[in-house]
DNA sequence: GTCTATATGTGGATAGAC
DNA sequence: GTCTATCCACATATAGAC
């Protein structure tokens, strides 16, 4: 009924967020100009400042839109599994499943832009810009604490600092995999039809992470003595 | 004896490369301006274009300066180990050692800027800009092929595509660890004195990667059937 | 809410003296 | 090789009409 029916079927605000998600993922934050962005969104240049206030605020909005829901989903899955398990502790594999499953399922969701966001997120974990990393860290902190607690219950015999490092490694593997899977040359050697098969990737990734998490402890006493 | 004694003790060209390494690592490529960069190097703004031709060429020079030597060192270590082993195949652990050892030893070398470079490298693996990734991929390709061949000899029973993915995961873990170790909030929980202990980090990382590489094969037939 | 026009700053790059 | 001064493109952001 209104004039907006001519434009793509979203609010301007949403179209800008979608365009930003895609362009930030493709070119990075700095290399994406408001002109490109608003052109792709079918919006006016001034619309970004009207709706978000500034480019930095837009970046923040892009992450807030999806990250809260994502982390809530992860935590809800942990909660559900713990309820099912009753008094028994969750297995490490279950926890890993909750950790990677949400991300990987979003990758299959190419229609709604979830894939763009997931890959953007993977890239941003290692973004050099301090305010951006601080934002991500802040949005992630609650889920991180929740997963740390779950792993501590599942692996009571593992030293705390070792667990933290192994979580760090797992997180890195996931982030890098999400960010670089379709671009790194190494992967050119694998079958193309497997590249976007999230189910297969999840099986591969889970096997790798699970083994790494449960790796025999190195003799850190030896290492420290030698140092 | 000459006037340069007043300036830092290097050629202008070298000082520019050092400053670029540090600033690119701290702020990224786009966010680092030639003005900042030349100021830090104690050089004139025009010097970058005189010595390198353009900012992009400078970026390329920063990587070329160290990456060729790094990969040559990795390959040399593989060669040496294979010679020592004679007819026996190398163990996966030895190959991993050659892979991560070179990077991690450079992290301890804070004096000569090696640490800056290593962290810059970790960040750049997931840089969104195509030409930069292409450059890295090109500089890395020979070493990658060499390591792939070594792993194939060490693990003849592992399917090729599974090996490629596991190398990808290992590479990602290393890259992310190098890039984000001192900044990610998660790590704030660990003992500060351990954070830069390369020997300890190497032990932790090697244990994780080794276990991941040798993880039991997931039943990919099941996964494919279900898909 | 959306548009045009513009203010204001900064970027990379270069010309030409020294 | 190094410097100053400058060109020019493009960035973000805003003012003010519609």
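Chains as they are written, first to last, in the working numbering: chain A, 1 to 227; chain B, 228 to 454.
For glycine and all other residues, C-beta sits at the position ideal for the given N, C-alpha and C.
Predicted model only: the values in this text are computed from it and were never measured.
Throw me the rounded Cβ distance for the residue i and residue j pair, which I believe falls under 8 Å.
| i | j | result |
| --- | --- | --- |
| residue 15 of chain A | residue 41 of chain A | 4 Å |
| residue 349 of chain B | residue 405 of chain B | 3 Å |
| residue 425 of chain B | residue 335 of chain B | 5 Å |
| residue 147 of chain A | residue 396 of chain B | Not quite, the Cβ-Cβ distance comes to about 19 Å (not below 8 Å), so this is no contact. |
For residue i, would you say it is in contact with chain B, using Cβ-to-Cβ distances shorter than 8 Å as the test?
| i | result |
| --- | --- |
| residue 123 of chain A | yes |
| residue 126 of chain A | yes |
| residue 67 of chain A | no |
| residue 214 of chain A | yes |
| residue 218 of chain A | yes |
| residue 172 of chain A | yes |
| residue 129 of chain A | yes |
| residue 169 of chain A | yes |
| residue 179 of chain A | yes |
State yes or no: is the beta carbon of residue i nearer than 8 Å to at least one beta carbon in chain A?
| i | result |
| --- | --- |
| residue 362 of chain B | no |
| residue 331 of chain B | no |
| residue 413 of chain B | At residue 413 of chain B the pLDDT is 49, less than 50, meaning the model places this residue with poor confidence and gives no usable figure here. |
| residue 263 of chain B | no |
| residue 277 of chain B | no |
| residue 402 of chain B | yes |
Note down the Cα distance separating residue i from residue j, rounded to an integer number of angstroms.
| i | j | result |
| --- | --- | --- |
| residue 400 of chain B | residue 370 of chain B | 17 Å |
| residue 262 of chain B | residue 286 of chain B | 15 Å |
| residue 186 of chain A | residue 50 of chain A | Any reading at residue 186 of chain A is ruled out, since the residue's pLDDT is 49, under 50, leaving its predicted position unreliable. |
| residue 294 of chain B | residue 372 of chain B | 16 Å |
| residue 361 of chain B | residue 127 of chain A | 19 Å |
| residue 301 of chain B | residue 394 of chain B | 15 Å |
| residue 379 of chain B | residue 385 of chain B | 8 Å |
| residue 326 of chain B | residue 437 of chain B | 12 Å |
| residue 131 of chain A | residue 124 of chain A | 11 Å |
| residue 430 of chain B | residue 13 of chain A | 49 Å |
| residue 259 of chain B | residue 238 of chain B | 21 Å |
| residue 140 of chain A | residue 71 of chain A | 7 Å |
| residue 136 of chain A | residue 20 of chain A | 17 Å |
| residue 163 of chain A | residue 213 of chain A | 8 Å |
| residue 323 of chain B | residue 314 of chain B | 19 Å |
| residue 289 of chain B | residue 30 of chain A | 21 Å |
| residue 382 of chain B | residue 76 of chain A | 40 Å |
| residue 54 of chain A | residue 149 of chain A | 38 Å |
| residue 329 of chain B | residue 37 of chain A | 41 Å |
| residue 317 of chain B | residue 129 of chain A | 41 Å |
| residue 176 of chain A | residue 266 of chain B | 34 Å |
| residue 446 of chain B | residue 398 of chain B | 23 Å |
| residue 57 of chain A | residue 312 of chain B | 58 Å |
| residue 296 of chain B | residue 388 of chain B | 29 Å |
| residue 17 of chain A | residue 205 of chain A | 30 Å |
| residue 365 of chain B | residue 319 of chain B | 25 Å |
| residue 321 of chain B | residue 111 of chain A | 44 Å |
| residue 453 of chain B | residue 217 of chain A | Caution applies to residue 453 of chain B, whose pLDDT of 48 falls short of 50 and renders its modelled position unreliable; the value that the coordinates give is listed next. About 35 Å. |
| residue 104 of chain A | residue 279 of chain B | 42 Å |
| residue 340 of chain B | residue 165 of chain A | 25 Å |
| residue 407 of chain B | residue 106 of chain A | 24 Å |
> Just checking, does the stretch 81-90 of chain A make contact with the stretch 41-55 of chain A on the three C-beta pairs under 8 Å criterion?
Replying inline: The way I'd put it, the stretch 81-90 of chain A doesn't touch the stretch 41-55 of chain A; fewer than three beta-carbon pairs between them come closer than 8 Å.
>> Quick check: the stretch 99-119 of chain A against the stretch 18-29 of chain A, are at least 3 beta-carbon pairs closer than 8 Å?
In response: Two segments are said to touch when three or more pairs of C-beta atoms, one from each, lie closer than 8 Å; by this definition the stretch 18-29 of chain A touches the stretch 99-119 of chain A.
> Using Cβ-Cβ distances below 9 Å, what residues of the stretch 5-31 of chain A are close to chain B?
Replying inline: Listed by position, the residues of the stretch 5-31 of chain A near chain B (Cβ gap below 9 Å) are 24, 25, 26, 27, 28, 29, 30, 31.
> Mind listing which residues of the stretch 200-211 of chain A have their C-beta closer than 9 Å to chain B's C-betas, in chain order?
Replying inline: Of all residues in the stretch 200-211 of chain A, 200, 201, 202, 203, 204, 205, 206, 207, 208, 209, 210, 211 have a Cβ within less than 9 Å of some Cβ in chain B.
> Got a sec: which bits of the stretch 381-394 of chain B sit with their beta carbon under 8 Å from any beta carbon on chain A, in order along the chain?
Replying inline: Result list: 387, 388, 389, 391, 392, 393, 394.
> Along the stretch 81-111 of chain A, what residues have a CB closer than 8 Å to any CB found in chain B?
Replying inline: Identification of residues in the stretch 81-111 of chain A having a C-beta nearer than 8 Å to some C-beta of chain B yields an empty set.
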